[in-house]
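Sequence lines, in order, name chains A, B, C and D.
Just so it is clear: in the first sequence, position 136 is 136 by my numbering, and no numbers are missing.
Just so it is clear: in the second sequence, position 22 is 1022 by my numbering, and no numbers are missing.
Just so it is clear: in the third sequence, position 334 is 2334 by my numbering, and no numbers are missing.
Just so it is clear: in the fourth sequence, position 324 is 3324 by my numbering, and no numbers are missing.
Have a look at the structure below before the remarks.
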Amino acid sequence: MSLNKLYEQMILEHNKNPRNFKKVDPCTHSSHGHNPLCGDDYVVSIRVKDGIIDDIGFEGMGCAISKASGSLMTETLIGKPIDFVLDTKDKFINLVTEDDAVNENLGKLVVFEGVKKYPVRVKCAALVWRALEDALINTSSNNNTVTTE
Amino acid sequence: MSLNKLYEQMILEHNKNPRNFKKVDPCTHSSHGHNPLCGDDYVVSIRVKDGIIDDIGFEGMGCAISKASGSLMTETLIGKPIDFVLDTKDKFINLVTEDDAVNENLGKLVVFEGVKKYPVRVKCAALVWRALEDALINTSSNNNTVTTE
Amino acid sequence: MIQKKNNIRDDFPIFKNHPELVYLDSTATTQKPKAVINAMTAFVSDDYATINRGIYSLSYHATQKCLAARKAVQNFINAKSEKEVVFVKGTTEAINIIANSYLNHVITDSDSILLSDMEHHANIVPWQQIVSPNQIKVCNITNSGELDWDDFKKKCQNNPKLISLTHVSNVLGTINPIKELIAYAREHTDAIIVIDGAQAVGHMAVDVQDLDCDFYCFSAHKLYGPTGIGVLYGKYELLDEMTPYQTGGDMIELVSFEQSTFTKPPAKFEAGTPAIMEIMGLHACINYISTIGFKHIQEIEYSLYEQLINEVQSLKDFTIHGESNHKAAILSFSIKDIHPHDIGTIMDQEHIAIRVGHHCAQPLMKRLAVPATARISIGCYNTSEDISKCVTALKKVVDFFK
Amino acid sequence: MIQKKNNIRDDFPIFKNHPELVYLDSTATTQKPKAVINAMTAFVSDDYATINRGIYSLSYHATQKCLAARKAVQNFINAKSEKEVVFVKGTTEAINIIANSYLNHVITDSDSILLSDMEHHANIVPWQQIVSPNQIKVCNITNSGELDWDDFKKKCQNNPKLISLTHVSNVLGTINPIKELIAYAREHTDAIIVIDGAQAVGHMAVDVQDLDCDFYCFSAHKLYGPTGIGVLYGKYELLDEMTPYQTGGDMIELVSFEQSTFTKPPAKFEAGTPAIMEIMGLHACINYISTIGFKHIQEIEYSLYEQLINEVQSLKDFTIHGESNHKAAILSFSIKDIHPHDIGTIMDQEHIAIRVGHHCAQPLMKRLAVPATARISIGCYNTSEDISKCVTALKKVVDFFK
Ligand SMILES: Cc1ncc(COP(=O)(O)O)c(C=O)c1O
Ligand SMILES: Cc1ncc(COP(=O)(O)O)c(C=O)c1O
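Shown next as structure tokens:
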């Protein structure tokens, strides 16, 4: 299998120059995503206004896959309604885990399809999305942590 | 190997009719010998007078080997001086454990020679002797226990 | 139906290598089929790597195989989730974990626990480390070797904090009606219920959800599997509440010298490099048993047991310990005026391996008023010829000491 | 001398079955030679029985074999008596036993214990379960990755109750001068001294009497032996003083519901059916290592390590963690702007198994100020070709992310 299927050019580029690599302040939602196994560690912060993602950022450190995933996630979701966000999140998790995933409407995110063939790296791609999910769903608390291992 | 080497006729007979199967009372020395593995359990009691075994008995329960050993031990030692007793004890332990044991001066006790070929049964033959040793050597206390396993 | 030829026997190399061997000590430990030996050999020869932590394929696949084994155990005992399956060293460790990580934290001086008179030391001594003697209540057994229902009901009135019972007695062979006992205890107490399944899992289908026990423990080595591995099943909520047992690598999330945080069950209870090879062996023995099926295993074992019971009738001064109507193929006995130790030695001369001693059940020996017993126990590889040889040898024993 | 061909490799079936595999994760766990696999297979196929309790020959011989294995371990580490050799699950269990059955009974609130900044979680977390964070003193390490002698001396002034140090760091590769450290500690403190030997025993001769440690712990699976078995060495007087750890069968003398009494070490610490098959594997791996000899093992490992160190010089932005003059053949490293996880994946594509992550040493990662490292570790079966392939792959990694 070619490594380029995993590390698509776009992933390498977003790893080098991550977009929205910042803390959103003030934010309405945030969560800390951590993979104790490899030390990937990010905070995802979001400002929701009128059901729309007004701003979203991520900050922290981790591997190329997780960083590019944060970059492309934030780029994709900014300005989108919550419904779309949660739906995209489900589709993304499917994309990187299910063999028969439909990848329509995922836009640039399809570059992560190759991750599926690298099962130990699935958690890297999913980490920021798990943190996003946690931030939006556990709205009450503002300082959550999710752990993937 | 023939079982008769282990269960010599004399052993079977002493098992059925153990000699000195009693508590010596009053006694000067006694010890409790116990093998938790198989439940063999005897008290050896001795009265020493002027350096001579005035009386010796054993009581309790256990297998044929251990019971015959108690019977033949007491029969052999009664009326003998302590030096002889301890020397015989060493010789007996040798007899049942060492391949090149010399079995001179052991009299009837040589019937236990076959035990050597049944290593799991050595402890059975030795138990009352260990109790005897303990009784005579730990003279201060009058109620010892030795355990073989 | 008497088992004339047993094809299963051919699966076990030990009988090829010792054609004369009559192995009747399966209650102590079972022999291993080729399928189990080969699974472990293949794994260490071809797929060996550490699990959980490696990013390379070899390690990933080993991790997946361990997960598959955990799922196989889950199915085998019908647990709700594979997360309820903790890999441990064996039954003894499993019970020690419950005593230390559960009971130790919930028991107060006024609480009691309930055991029975037929427990193995592994289901007695660990509890004694946590509670004082007067907190341990003991359910009586009847003269036929069954749990005394009346006494059980009476002792449930104390509302014990924990009830721990063996599924099958390793001495008497009694199969306790644990489903009914648990149902009664659930209705009349708030007890946490532990089942020592060491002697059950190799002989009958176990469904922990149907039984509704809180914990269930067993060892692979009595299940035609390897040594060094066993299972602690626990309801997830309970496992989750419990404190970790051993600590170290692989069961922590974050470690600093100030504080460490732990992962979730089952990892929380699996500190250190696991018994990876043995986990493969456990999976293989479950597959092996499932292929034969408990129906077939029971047919073999019960027919041989029946043969045994019939043939020993002719022996003089022969006392059987344990005559429940629900028995596993285990026969403990005494012969008048012949010590079990002597029986064992003579049987061994005839290449018949039976167990003599207290069977790690000294309180039961006291109850039976014997220092020790001899025990014949049957596995799925035994044959009618084994039983005949055994009874012939027993006759020799009786004649010898006559 | 550079190892062109390594005959030892032929002893390991995994390399026959995966000719492409470059296994450089021996610090996590070692592969198994045929001699070890065969010893276990032969035992379970031909000689398997329970130990200690059986009166029949098969059981007697298995018991004798376990005793022989214990004596082999005694000789291997030069313990005074085989009674000082306790069979455990692995290093993690060994340290847990010391924490629970020793430290727990002697520590008071005003006492401290001394660890170091390079310890594995297995040598941190078990102590944290017994003492509070402020009782744990931590010896610093220098920038080259050695224990800081001055800090060690300073921290000995507290007269710690216990000092527990790793013999060889699983991340830095540093071989600590434990003989000198122990001598110093003996002179200036009353501490009980524990050595985590997990990374040492497979690579150098260990003499516990010469070292004069109180406890020494290791796992067979890092010694070309099986999983599920390891050793707790302890001075007999200490083992004898300690309370039992797990309780159950085989470690008791007498059991009643009122009271139970325990046997002597090592049996006191070996409750339940032991890992019998694994004990045979442990014996076999000790024999295997002894046949090759540590001199030869070290020649191989050090020559390959030298080759590795020389070849990685050419890599850009390559940082080595741990540059002691006394190192085992372990190389932890970082490459600037490339996460270890990505390194690991790319290496795996080239069939090179290296470890990436925190290596169960999070406090050390903090000290090194890295989230994780990549680690190459060498075993006696590695070859010069393995090293070359590894370095070529590392170059690929650097190019790929350029
Ligand atoms: C230095 C050190 N100590 C302790 C351990 C724990 O050993 P185990 O997982 O075999 O219990 C390891 C291995 O992971 C180690 O490298
Ligand atoms: C009923 C029962 N419980 C517990 C055990 C202990 O099992 P293990 O020795 O495998 O830990 C045994 C076996 O000896 C047993 O028969």
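Virtual Cβ for every residue (Gly too), placed ideally from N, Cα, C.
| Check | Outcome |
| --- | --- |
| In DSSP terms, what A/P18 is bridged to | Answer is none; A/P18 lacks a bridge partner. |
| Candidates D/T3392, D/Y3381, D/L3368, D/A3361, of which the one nearest D/H3120 by Cα | D/A3361 |
| Distance between A/D134 and D/L3364 (C-alpha atoms, nearest Å) | 30 Å |
| Per-residue contacts from C/A2028 into chain D (C-beta, under 9 Å) | A3049, T3050, R3053, G3054, S3059, T3273 |
| C-alpha gap between D/G3451 and C/G2249, whole angstroms | The question about residue 3451 of chain D has no answer, for chain D in this structure spans 3001 to 3402. |
| D/E3093 versus D/A3329, D/Y3245, D/Y3305, D/A3369, residue with shortest Cα-Cα distance | D/Y3245 |
| Contact set for D/E3146: own chain, Cβ-Cβ below 7 Å, skip 5 residues either direction | T3174, S3324 |
| Segment limits, beta strand (DSSP E) that includes C/T2243 | Note, C/T2243: premise wrong, no beta strand (DSSP E); not H, not E. |
| Member of C/S2164, C/V2231, C/P2340, C/E2278 whose CA lies at the smallest distance from the CA of C/T2050 | C/E2278 |
| Residue range of the unbroken beta strand (DSSP E) whose run includes C/T2174 | Element bounds for C/T2174: n/a, residue is neither H nor E. |
| Under 7 Å (Cβ pairs) to chain C, residues found in the segment 1059-1081 of chain B | M1061, G1062, C1063, A1064 |
| 8 Å Cβ shell around B/S1140 - same chain, five flanking residues per side excluded | Low per-residue confidence applies at B/S1140: pLDDT is 49, beneath 50, and the placement is therefore not dependable, though the value from the model is reported in the following sentence. Answer for B/S1140: no residue qualifies. |
| Span of the beta strand (DSSP E) around C/R2355 | 2355-2357 |
| Own chain partners of A/I53 with C-beta closer than 7 Å, once the 5 adjacent residues on each side are dropped | I46, L77, I78, G79, K80, V85 |
| Heavy atom of ligand 1 within 8 Å of C/K2366 beta-carbon | no |
| is_contact[B/R1130, chain C] using C-beta, thresh 9 Å | no |
| Whole-number beta carbon distance between A/E113 and A/N105, since they are thought to touch under 8 Å | Contact flag wrong, Cβ pair sits at about 14 Å. |
| Closest by C-alpha distance to C/F2142, when choosing among C/F2087, C/H2167, C/N2176, C/Q2129 | A small correction: the amino acid at residue 2142 of chain C is Thr; Phe does not occupy that position in the sequence shown. Nearest C-alpha to C/T2142: C/N2176. |
| Inter-residue Cα distance where the pair is A/L72 and A/F58 | 11 Å |
| 9 Å Cβ cutoff, A/V96 in contact with chain C | no |
| Within 8 Å of chain C by C-beta, residues of the segment 1033-1062 of chain B in sequence order | P1036, L1037, C1038, G1039, D1040, D1041, M1061, G1062 |
| Proximity of D/S3303 and D/D3025 at Cβ, strictly below 9 Å | no |
| Continuous beta strand (DSSP E) stretch holding D/Y3216: start and end | 3215-3219 |
| Coil, strand or helix - D/N3158 by DSSP | coil |
| Selection from C/K2080, C/C2380, C/N2006 that minimises the alpha carbon distance to C/D2210 | C/K2080 |
| Euclidean distance between Cα positions of A/N35 and C/A2369 | 59 Å |
| Residue nearest to D/F3294 in terms of C-alpha spacing, selected from D/F3015, D/I3077, D/E3180 | D/I3077 |
| Buried or exposed by the 16-neighbour rule on C-beta atoms within 10 Å, applied to D/M3001 | In this prediction, D/M3001 scores a pLDDT of 46, lower than 50, which makes its location untrustworthy; no coordinate-derived value is stated. |
| Element boundaries [beta strand (DSSP E), containing D/L3021] | It is not in any beta strand (DSSP E) - D/L3021 carries neither H nor E in the DSSP assignment. |
| Closer than 8 Å: D/A3099 CB and nearest ligand 2 heavy atom | no |
| Own chain residues within Cβ distance below 7 Å of C/N2052, not counting five before or after | T2063, D2250 |
| C/K2389, DSSP secondary structure in three states | helix |
| Member of D/V3208, D/D3214, D/A3205 whose CA lies at the smallest distance from the CA of D/I3193 | D/D3214 |
| Distance, D/V3138 Cα to D/Y3048 Cα | 46 Å |
| Neighbour flag for A/V120 against chain C, beta carbons, 9 Å | yes |
| D/I3192 at chain B interface by Cβ criterion, 9 Å | no |
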